[in-house]
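This report concerns only the one structure given below.
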Amino acid sequence: MTPQHQDSTRKKSVLQLDNYQPQPIEKKWLTVWQENNIYQTNTETNDKPKYYALSMFPYPSGKLHMGHVRNYTLTDVIARFKRMQGFHVLHPMGWDSFGLPAENAAIQNNIQPAAWTDSNIAHMKKQLAQLGLSVDWDREVTTCKPDYYQWTQWIFIALYKKGLAYKKEAPVNWCKNCETVLANEQVIDGKCWRDDSLVVKKNLSQWFFKITEYAQELLDGLDHLHGWPDRVLLMQKNWINRSIGAELSFPVDGHNARIEVFTTRPDTVFGVTYMVLAPEHPLVKQLVPAENQVEVEQYVQSASLKTEMDRLAADKQKSGVPLGVFAVNPFTHQKIPIWIADYVLVDYGTGAVMAVPAHDERDFVFAKTYDLPVQTVIAPDTENNPDSFRVENQAYTDAGILCHSGQFTGMTSTDAKQAIIAFAVAEGFGHKKIQYRLKDWLISRQRYWGTPIPVVYCEKCGTVPVSESGLPVVLPTDVDFSLKGQSPVSSSKTFLNTACPTCKSPAVRETDTMDTFVDSAWYYLRYIDAQNTQAAFTPEQVARWMPVDQYVGGIEHAILHLLYSRFIMYALSDSLSTEKTKLPKEPFKNLLTQGMVLKDGHKMSKSKGNIVDPTAIFNEFGADTARFFILSDSPPKADFDWKESAVEGCYKFLCKVWRCIGDQLAVLDDPLQSQLATAAFTPEISYSSLTGNTRLLYQTTHQTIAGITTDIAAEYQFNTVISKLRQFITHLSKFNGAAEAEKDPQCQVVLAYAVSSAIKLIAPVTPFIAEALWEKAGGKTSVHLAQWPVADPEALQQDTVNIVVQINGKVRDQFSVESGAEKAALASKAQSCQKIQPYLAGMVVVRTIVVPEKLVNFVVKPE
RNA sequence: GCCGAUGUGGCGGAAUUGGUAGACGCGUCGGUCUCAAAAACCGAUAGUGAAAGCUGUGCCGGUUCGAUUCCGGCCAUCGGCACCA
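Counting in this note's numbering, the first sequence runs from 15 upward without gaps.
The structure is reproduced here in structure tokens:
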């Protein structure tokens, strides 16, 4: 017999045990829940506080993976918990269904992207249902359907009208493999975020969203997002990257032109020994003298051919060519050469810098390479004679004392920055400036499967947005998907020609589509009003449900999706809020970024062949086991390791739950049996008269309720929730109801409450088995609509506590004492402990520290 | 290079206004039941030691009666940004 063979027989026998049968249970309740619409979020207003629980919606790639299972289970448990706690819960689901994979599949298999997407959605929807999500499917949204993207287009037009959408020619990121442009956020290490292929710069006319308009607001908003992980806040902060400095203007010698530069170090302006323009800077062509033209053009040409990777690989080395023209430093009136170098980026600041080799590492390297002068103007604070300080082998980049700086000599860097800016303002060649690294969001894509940009080009009127009555601009189907370098939409015979919305004369449509991140930047608003055919949403409903109370998804969207969504919400809030209806600016109040699902310590991947198929797990062990397991071992933020043997352990635990609840139900008398499975079962129990094991069961029940409620509310510590559930079930299964009933008359009712609570407590995590047990216990309505139990504060205290006795902080003995004992009593009892006597011999107690309910510590020293 | 997070048994992890380190689970070992196996149940499981005890939360130091927790310095791993002027 091979080892594999042994393994499979073993597994089979595990599954045959007992009478917990997940498959029929899960099948049955899926149907019942659906027929009774128990997860439908009605729209009528009620007194309950609202709670919006949202998962990052999936791309319909074909089938569910374990990352989905983890994401959606987390959100679902939160939604179910909040529902039982009495919140009016919105828990929707949908499909982020535009995007390149559908288009690639279309080319490969000669099938319409829409058909490919639809069949994927159908399959994945079935899988999601199996997982037992308490989702209101009436609110499902699919971004590739006209009834959704019509409103994406509407938002585009709204932004356009506010001047937040514009078209311009600019050097943009071009992915050779995807044959389309990419947003700045989609270029990772000089490579395409989707397929890792190299990205090059191209000068193209493209549509942008003016996210930079909101740079400061988006930055400030981060301070109020207390429910977001710090690292996401930090990543967004770094991405926006604000720097404070000055914009200074340098006249060009012999030309009627000025070079504007941005600097964070105006205090070093007396050390400027040359200037640098980015190769793409417009002044380059304008200023270059005839004798330098060939050399300069060659350099510009070679810089443009470099990929982002090449630029990065060059690392510390710098190259450039002199333009052959000079600028004048307005502070020193010195003539300084103007150079062109690709270490200066055209799309940051003004695309030009004043070079201070003495106090900037990059300028220093460049100056050394081309033998340009280095003028020291800042000396360290510690220098006794600042004027004699000289930068030699490396730039001095810290702040310090100014030297060789005219009237500013002797000032500190901080003071000099102010003074120099003030001087520049007075003389009219500069001002204070705040600069952001964040760039405008490039949203056009030269691809087919996306939302058409709703714009037409009219010979008379120019660029005109499609009127609202002209929406949706429907994506044509008569296209050649294999068209390269421009949008396949342009191959459509029916799409291109139209009439201008303004003057009705012939016009042509924009053929680019939108970045799919535009679709996903507002979908959480559409859920709120998913069936609205008159508008994207009604502001009143948005004001009622937004912001999302809990958003759950992967860390990979820390910048992309989460920054774009914030921008769109800020923009919509600004344009749609009225006196009466105020829309929030921040879309997501709390954010939970879950870790990855690994398999035996490795990333799951097709190439490794270690992918665990959720459906196989559902079929073998049931969705409850999958849900229970994926919450059990690691906290949500950490990576989770999927281990086969551990899954089995979870399955066995559910068998134990089934048996335990069944056994205890059998012990209960009839009237109690029929009462315990009602929504708000809270029997009259006289706690003070409880004794023995019955008293202990009551305490344990309430401690478990309190512990689990706290763990979920605080940080979604589901791993400790699971641990507490296990301990409680173990306790409950050891409780001998028949024997205890003879000792304590209240045993039956305490047991009934424990059983009722146990079913409720497992309900969010394992909804199927909970529902089945609830029915078994006589429940007539769903346990998922029952009330979450509330802990009795009196029962949370232990009757007796363990007191540790320490000598100089080391544990030497311990004793048990009734809870609530006085400090003095604890100290004297501790003093008499046998085991500590040897440590007290020949010693004198200099201090006694008593922590009530915890410990007594004697500080001793030799007599 | 800059910024940040993390570091606890064989493994995942638990414990924080500083108070018994290792909850709960996985794995392993032993036992009960059985003709036998599976399941179930019970017990053991940081290292070292016969035991008392000693050592132990990445490393070094500090504060404290007492430090996984606070402070300083270092190391390692992971993540983000990266010629941002």
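Note that the Cβ used here is the ideal one computed from N, Cα and C, for glycine as well.
Same chain, Cβ closer than 7 Å to residue i, neighbours up to 5 away in sequence not counted
{"i": "tryptophan 656", "result": "Met80, Val611, Leu612, Lys613 and Val626"}
{"i": "leucine 218", "result": "Glu183, Val186 and Val195"}
{"i": "asparagine 871", "result": "Gln820, Gly823 and Ile863"}
{"i": "threonine 16", "result": "Residue placement at threonine 16 is poorly supported in this model, since its pLDDT is 30, which falls under 50; the coordinates are not used for a value here."}
{"i": "aspartate 683", "result": "Gln762"}
{"i": "phenylalanine 635", "result": "Pro36, Val661 and Tyr665"}
{"i": "glycine 424", "result": "Ile415 and Leu416"}
{"i": "tyrosine 362", "result": "Arg451"}
{"i": "alanine 800", "result": "Met98, Ala693 and Lys774"}
{"i": "phenylalanine 509", "result": "Pro490, Val503 and Arg523"}
Among the options, nearest to residue i - alpha-carbon criterion
{"i": "glutamine 760", "options": "Pro344, Trp802, Ser703 and Thr714", "result": "Ser703"}
{"i": "glutamine 54", "options": "Val149, Ala93, Gln126 and Glu554", "result": "Val149"}
{"i": "alanine 777", "options": "Met618, Pro807, Trp43 and Pro38", "result": "Trp43"}
{"i": "isoleucine 92", "options": "Val779, Met249 and Leu145", "result": "Val779"}
{"i": "alanine 128", "options": "Asp725, Lys140, Leu114 and Gly424", "result": "Leu114"}
{"i": "valine 379", "options": "Pro400, Asn399 and Val405", "result": "Val405"}
{"i": "isoleucine 582", "options": "Gly108, Asp161, Pro63 and Tyr174", "result": "Tyr174"}
{"i": "valine 83", "options": "Ala120, Met138, Ile52 and Gln99", "result": "Met138"}
{"i": "histidine 571", "options": "Ala544, Gln608, Val388 and Ser587", "result": "Gln608"}
{"i": "tryptophan 188", "options": "Asn407, Asn118 and Gly499", "result": "Gly499"}
{"i": "leucine 869", "options": "Ser846, Asp677 and Ala841", "result": "Ala841"}
{"i": "serine 483", "options": "Gln421, Glu441 and Thr547", "result": "Thr547"}
{"i": "valine 342", "options": "Ser318, Glu154, Asp429 and Asn270", "result": "Asn270"}
Other residues of its chain near residue i: CB distance less than 6 Å, five sequence neighbours each side excluded
{"i": "serine 69", "result": "Asn85, Tyr86, Thr89 and Val566"}
{"i": "asparagine 33", "result": "none"}
{"i": "lysine 617", "result": "none"}
{"i": "isoleucine 569", "result": "Thr607"}
{"i": "isoleucine 435", "result": "Ala260, Pro280 and Lys446"}
{"i": "proline 866", "result": "none"}
Beta-carbon proximity check, residue i vs residue j, cutoff 8 Å
{"i": "valine 339", "j": "alanine 292", "result": "no"}
{"i": "threonine 57", "j": "methionine 528", "result": "no"}
{"i": "leucine 574", "j": "glutamate 199", "result": "yes"}
{"i": "alanine 791", "j": "glutamine 713", "result": "no"}
{"i": "serine 770", "j": "leucine 690", "result": "yes"}
{"i": "cysteine 417", "j": "phenylalanine 437", "result": "no"}
{"i": "histidine 716", "j": "aspartate 806", "result": "yes"}
{"i": "serine 458", "j": "tryptophan 221", "result": "yes"}
{"i": "isoleucine 135", "j": "proline 74", "result": "yes"}
{"i": "aspartate 533", "j": "tyrosine 163", "result": "yes"}
{"i": "glycine 334", "j": "tyrosine 384", "result": "yes"}
{"i": "valine 487", "j": "threonine 477", "result": "no"}
{"i": "tyrosine 462", "j": "serine 501", "result": "yes"}
{"i": "alanine 513", "j": "tyrosine 471", "result": "no"}
{"i": "arginine 265", "j": "proline 351", "result": "As written in the sequence, residue 265 is proline, which differs from the arginine given in the question. It is not a contact, given that the beta carbons lie outside the stated cut-off."}
{"i": "glutamine 141", "j": "lysine 41", "result": "no"}
{"i": "isoleucine 726", "j": "alanine 772", "result": "no"}
{"i": "glutamate 600", "j": "leucine 239", "result": "yes"}
{"i": "phenylalanine 223", "j": "alanine 179", "result": "yes"}
{"i": "lysine 670", "j": "serine 747", "result": "yes"}
{"i": "alanine 782", "j": "alanine 637", "result": "Here residue 782 is phenylalanine; the residue named in the question, alanine, does not match the sequence. Yes."}
{"i": "leucine 337", "j": "valine 310", "result": "yes"}
{"i": "glutamate 193", "j": "tyrosine 584", "result": "no"}
Cutoff 8 Å; reference residue i; Cβ partners in own chain excluding five residues on either side
{"i": "lysine 875", "result": "Met857, Val858 and Val860"}
{"i": "asparagine 881", "result": "The displayed coordinates of the chain run from 15 to 877. Any statement about residue 881 would go beyond what the structure contains."}
{"i": "valine 201", "result": "Asn187, Trp207, Val213 and Glu322"}
{"i": "isoleucine 850", "result": "Val819, Ile821, Arg826, Asp827, Ala844 and Phe872"}
Residue i: CB within 7 Å of a non-hydrogen atom of the ligand ADP
{"i": "aspartate 267", "result": "With respect to small molecules bound, the structure shown includes none, and the ligand ADP cannot be examined in it."}
Legend entry - Contact the region 448-455 vs the region 256-266: 3+ CB pairs below 8 Å: yes
Inset, instruction - Identify every run of the alpha helix (DSSP H) within the region 332-399, keeping only runs that are complete inside it and at least 4 residues long; order them along the chain. - result: 375-384
Legend entry - Cβ contact (3+ pairs, closer than 8 Å) linking the region 549-560 and the region 589-605: yes
Inset, instruction - With a floor of 3 residues, list each beta strand (DSSP E) that falls wholly inside the region 650-713, ordered by position along the chain. - result: 654-656
Legend entry - the region 282-290 touching the region 240-256, judged by at least three CB pairs closer than 8 Å: no
Inset, instruction - Any chance you could list the beta strand (DSSP E) runs of at least 3 consecutive residues sitting entirely within the region 102-153, in chain order? - result: 102-104
Legend entry - Ordered list of alpha helix (DSSP H) runs contained in the region 565-640, each at least 4 residues: 574-590 and 628-635
Inset, instruction - Quick one: which unbroken alpha helix (DSSP H) runs of 4-plus residues sit fully inside the region 278-302? Chain order, please. - result: 296-301
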